[in-house]
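Undergrad:
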Amino acid sequence: MSQHANRFITFWRAVIAYPIAMAGGAAAFFPALEVAAAVRRGSLILAFPRSDVGHHVLRLLQLELGAVIGCFVFFGLPVLPLYATGIFLAWRLRVQHLTYYIFLGSLLSLWAWLWPYIFSRNVGKTVHSSINIGFTCLQVAVGIIGGSVCWGFLRLTHRECNDRKELN
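Position 104 of the sequence shown, counted from 1, bears residue number 102 in the working numbering, the numbering being contiguous throughout.
1) Buried or exposed: which applies to Ala12, given that a residue is buried once 16 or more other Cβ atoms fall within 10 Å of its Cβ?
2) Check the Cβ-Cβ distances between Trp89 and every residue of chain C, and say whether any is below 7 Å.
3) Considering only the alpha carbon of each residue, which of Gly22, Phe28, Trp10 lies closest to Phe133?
4) Just the C-alpha distance for Ser107 and Phe9, rounded to the nearest angstrom, thanks.
5) From what residue to what residue does the alpha helix (DSSP H) around Gln137 run?
6) With a CB to CB cut of under 7 Å and the five nearest residues on each side skipped, what residues in its chain are close to Ala88?
7) For Gln94, which of Thr155, Ala24, Trp113 has the nearest alpha-carbon?
8) My output table needs one value for Val93: the three-state DSSP class, helix, strand or coil.
9) Apart from the five residues just before and just after Ile85, which ones in its own chain have a Cβ nearer than 7 Å to its Cβ?
10) What does the alpha-carbon distance come out to for the pair Gly68 and Gly144?
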């Protein structure tokens, strides 16, 4: 087996892992908002006039698909350079540990949320007046899920891991 066959990260697997991780993180966003609304005795889903369960499930799926598409449209390009840098470092240093990918996902999620504030003209005024701590914690949780999904995809598609499963 060549030296590159043992790599945890390959170029094409990293390219495929990016949209999968973003979709996983985005799909976690609206259920987290639903839980937050339920804690405050409200509901995003039940705010719609119909009361049948099928309609609520359909509406949740529409919100989820909208979140995934919105994530790609609004956050895909600003996050991509940092993802590429993080994956390059993991490839170069041969990092396979879940903690690195969770940290990377959290960092990218926070970057997706904060980059408009960082590059605005009124940096001091905008950042201090509009950052919500609860929403920032939600972004970290979304990043944890996205990083875990990325690591899981890389782990499941890694040849060495699959060879070990066949031996057991």
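For glycine and all other residues, C-beta sits at the position ideal for the given N, C-alpha and C.
This one's a predicted model, so the numbers in the text were calculated from it and none came from an experiment.
TA: Taking the geometry as given:
1) Buried, since its Cβ has 16 or more Cβ neighbours within 10 Å.
2) In the structure shown, chain C cannot be found, because there is only a single protein chain.
3) It is Phe28 whose Cα lies nearest to the Cα of Phe133.
4) Going from the Cα of Ser107 to the Cα of Phe9 covers about 22 Å.
5) Taken as a continuous stretch (DSSP letters only), the alpha helix (DSSP H) holding Gln137 covers 131 to 154.
6) Taken in chain order, the residues that qualify are Ile7, Tyr98.
7) Out of Thr155, Ala24, Trp113, the CA that lies nearest to the CA of Gln94 is found in Thr155.
8) If DSSP states are grouped into helix, strand and coil, Val93 belongs with coil.
9) For Ile85, where only same-chain residues beyond five positions count, the Cβ hits under 7 Å are Ile7, Ala12.
10) One C-alpha to the other measures close to 15 Å.
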